[in-house]
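Chains as they are written, first to last, in the working numbering: chain A, 1 to 491; chain B, 1001 to 1491.
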């Protein structure tokens, strides 16, 4: 090779590190101010059409430079957030994030390891975070685990292990097609849609998921469950798994997990618990008794970016028997063989425990945040959110213009504006308009659901910035908007 | 509720924002210096046992504070990296990251949106990044897409759509069990293990994956493929999909994608292309002709954290027919219903196109980086890595102590140290020890594979910091270590 003709080599590193450093400092100042002042801004606002149009520009071919890239961020991106870092955001079940969590994401991206395997420190950090999670939730210390993108993936991991472990043949090799009997799974009608999605993905078919009715407090009806299992066995199906809910998405209901564990034990079924946010309620000494039985799960799925307030993405899957976990996912071709020594050494290869082979350093934000605050403080904040939910429920019950639509066992409050002379259909229309008006006002951002045919404003509190006064503002504003709409027909 | 008894509310925000701001500035300085000086440090070093032991400490219950959390990071985490940000890291296929990519991760975690849906700017940023990816790769503009954690997930998304679209019944509802004929998929023996993993996950069974032999340049043998499909049809299977490789993990081989597309068209099969890193070689005008046919794929999987040098995690799945994509993954219960207006408005709900419902703002680092550098520069850097692979291959061929073990069509060089008087078994032992000695020295970090029974040092170059001199250092050090081990029996 003639080196005379080789062009000069370049890299993506800055020509001037001092300028990059200065830009980093500017970003720190800007984003810290953004966080510190979030309460002074609207929760959410619709995005202007001209901003949407901006994002239609074609591929940048020429460099615009670091400075311009940041200017574009400041001008077009930063002013149009989802709003979930705001104290009055309570939509879906969405976490808030923290300043140190944010900084930890930068440090993680600076080190930029692939936490799929090999012998380097990020694996040890993740292993410790998993140990801490087990300790926090009272789950067996010898269980295996994996940090994942969130609850959907954690459910998928747990249910994949369930499927493969309960198959009476080598399902990895032969596939679902080879099952002598169709496998069936059980959970309440209030089970999160990600469970159905996982069952579909696994090739089991959504019709294999028996959605059992709930009782008046939205917990799974145990006798209905037992009947369904019995009937399925009689009809030649193979029941493999019960999914218990620790905090349903609609109302925060917690199934009777201990009884579900008993049934699984008796029937030889896999016990998976979806504790997306509710699992963390064990950190509240008052609520801990409601979660008895969770520690008996064969697999447990939960999020850290919801009720642990970590920045996106981080969820966790725990599996009681490491062998079940590993034998479901481990696959080691020549180019991934582990060594005794060297870079490919180390005993922790997380890619053997899940779907991802390339994995980011999401453990770092959890590790640093848990050191920063300690588990007790997380417990207090979770209790604080529960107390706030009760406070809001009591406010709703005190007001003749409002109606509570479900019990409030945890951190979710479903209610609506009511008026004597309106039927349910009219109330549904009115509350739908009211919610949009409320969101567009920027004052508060609940989401919604439908409970027994009634359109509900749904307030899910996994927000460490919310204060009691924020719920007073919500109540006032909902009543004000409702009355205004009653009079004018318009928000 | 008696407010007298309610404890004072707290949050996870800092009591003193100025201190948090100062810490952020310190972090910027520390991590920028870390990146700027990376070349002066060893690529990788084994982690001391006392550091490993540190990560066994139990759950922090009391707060240690922000400052201490960062001190622990500096002392226990930062000094023990994987090494992939170093100019002489070439293990597996692992990207490098960039300073602006790192800063963008902080900004993303500061805004902290959930990019699963709702009407906020992060969705528009991701949609634009997907448009840019399509434009860059010459893929149809009307295709749908999704940013994912990486290649494994991108392959899983593509193959899930393939399975559901090619089923002659409603597979989401009825499952694989209901298939009248067992479905089969086809790819070369060099296909990445994540494809097998996806097939297992989907319940199709790894025995449904026909691993077709390769020819001498490690491309799929077309006539072997055609025979396999024919035989399967005769035996009552239902062929559904061919997986084409754009850059195999062992040697960087690129299948004849245009012929595979022809076969898929003729046979009515889904054409999935795994272009984890190789797809990006279209940015090199010299290599673009090798990838002809990729644009005909029904689904295309590739990474941006490999050969686009983005920080972890970010990969991409593209699907030619949006309907196929959406109908595979969309599931909308009451609590996720989309609106015309308000926060739950907007036309982009990425959770309808993949497994995750909670999704982080991984698009931002791509968006800012592509503005920073422009597509042309990425093309030059990819070409630079290809030129470096050729340079290393030529150096290997010039040295009697070294042997090239596979052609170098792309950016992967497989070679070994050789000596006349050693047979393959002895050479395998020697090269294995040599690699570990090389890694432990901190001079360079290739990984390894086995090619035709021969243990190979494997150099995969997706590193924007590597220079030609780094490969000269590698060659010198491999020869020095090999000779030393020949004489002493020890590295």
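Note that CB positions come from ideal geometry on N, CA and C, so glycine has one too.
Can you check whether the CB of residue j is closer than 9 Å to the CB of residue i?
| i | j | result |
| --- | --- | --- |
| residue 361/A | residue 1104/B | no |
| residue 1081/B | residue 121/A | yes |
| residue 302/A | residue 363/A | no |
| residue 1356/B | residue 153/A | yes |
| residue 1280/B | residue 1130/B | no |
| residue 1188/B | residue 173/A | no |
| residue 1379/B | residue 1466/B | no |
| residue 91/A | residue 1343/B | yes |
| residue 60/A | residue 1375/B | yes |
| residue 1055/B | residue 1070/B | no |
| residue 300/A | residue 137/A | yes |
| residue 1256/B | residue 1220/B | yes |
| residue 312/A | residue 1112/B | yes |
| residue 345/A | residue 15/A | no |
State the Cα-Cα distance for the pair residue i and residue j, rounded to the nearest angstrom.
| i | j | result |
| --- | --- | --- |
| residue 46/A | residue 1127/B | 17 Å |
| residue 1320/B | residue 1217/B | 29 Å |
| residue 176/A | residue 1181/B | 12 Å |
| residue 1372/B | residue 1282/B | 20 Å |
| residue 96/A | residue 85/A | 5 Å |
| residue 1390/B | residue 1026/B | 41 Å |
| residue 160/A | residue 68/A | 46 Å |
| residue 1/A | residue 1394/B | Here residue 1/A scores only 46 on pLDDT, less than 50, and its place in the model should not be relied on; the value that follows carries that caveat. Distance between the alpha carbons of residue 1/A and residue 1394/B is about 7 Å. |
| residue 1507/B | residue 1457/B | Not covered by the structure: residue 1507/B. The range shown for chain B is 1001 to 1491. |
| residue 94/A | residue 1377/B | 38 Å |
| residue 952/B | residue 1329/B | There is no way to answer for residue 952/B, as the model of chain B reaches only from 1001 to 1491. |
| residue 432/A | residue 214/A | 26 Å |
| residue 225/A | residue 296/A | 19 Å |
| residue 209/A | residue 183/A | 9 Å |
| residue 1250/B | residue 1464/B | 21 Å |
| residue 1411/B | residue 1248/B | 10 Å |
| residue 1043/B | residue 1009/B | 47 Å |
| residue 322/A | residue 151/A | 20 Å |
| residue 1455/B | residue 1428/B | 5 Å |
| residue 51/A | residue 425/A | 36 Å |
| residue 487/A | residue 430/A | 12 Å |
| residue 1266/B | residue 1133/B | 28 Å |
| residue 1368/B | residue 1314/B | 14 Å |
| residue 1088/B | residue 179/A | 49 Å |
Can you give the beta carbon distance from residue i to residue j, rounded, assuming they're within the 8 Å contact cut?
| i | j | result |
| --- | --- | --- |
| residue 198/A | residue 212/A | Residue 198/A to residue 212/A, Cβ: 17 Å. No contact. |
| residue 495/A | residue 481/A | Summary: the structure shown does not reach residue 495/A, with chain A confined to residues 1 through 491, and so no result is reported for it. |
| residue 1244/B | residue 1278/B | At roughly 10 Å, the Cβ-Cβ gap does not stay under 8 Å, so residue 1244/B and residue 1278/B are not in contact. |
| residue 272/A | residue 162/A | 6 Å |
| residue 451/A | residue 388/A | About 20 Å separates the two Cβ atoms, so there is no contact after all. |
Is residue i helix, strand or coil by DSSP?
| i | result |
| --- | --- |
| residue 1479/B | helix |
| residue 1289/B | helix |
| residue 184/A | strand |
| residue 1158/B | helix |
| residue 1001/B | Its pLDDT being 46, under 50, residue 1001/B is placed unreliably by the model, and the measurement read from it follows with that caveat. Coil at residue 1001/B, not helix or strand. |
| residue 487/A | helix |
| residue 1300/B | strand |
| residue 1061/B | coil |
| residue 1318/B | strand |
| residue 1364/B | helix |
| residue 83/A | coil |
| residue 23/A | helix |
| residue 1077/B | helix |
| residue 1018/B | helix |
Original post:
Which ranges does the alpha helix (DSSP H) cover as unbroken runs of at least 4 residues, wholly within the stretch 232 to 271 of chain A, from first to last along the chain?
Top reply: 257 to 267
Original post:
Enumerated in chain order, which unbroken segments of the alpha helix (DSSP H) with a length of 4 residues or greater are wholly contained in the stretch 86 to 137 of chain A?
Top reply: 99 to 111 and 121 to 137
**OP:** Would you list, in sequence order, the uninterrupted beta strand (DSSP E) runs of no fewer than 3 residues that lie entirely inside the stretch 1392 to 1473 of chain B?
**Re:** 1402 to 1404, 1412 to 1417, 1445 to 1451 and 1454 to 1460
Subject >> Contact list for the stretch 1056 to 1072 of chain B against chain E, Cβ threshold 8 Å >> reply: Among the chains of the structure shown, chain E does not appear; the protein chains present are A and B.
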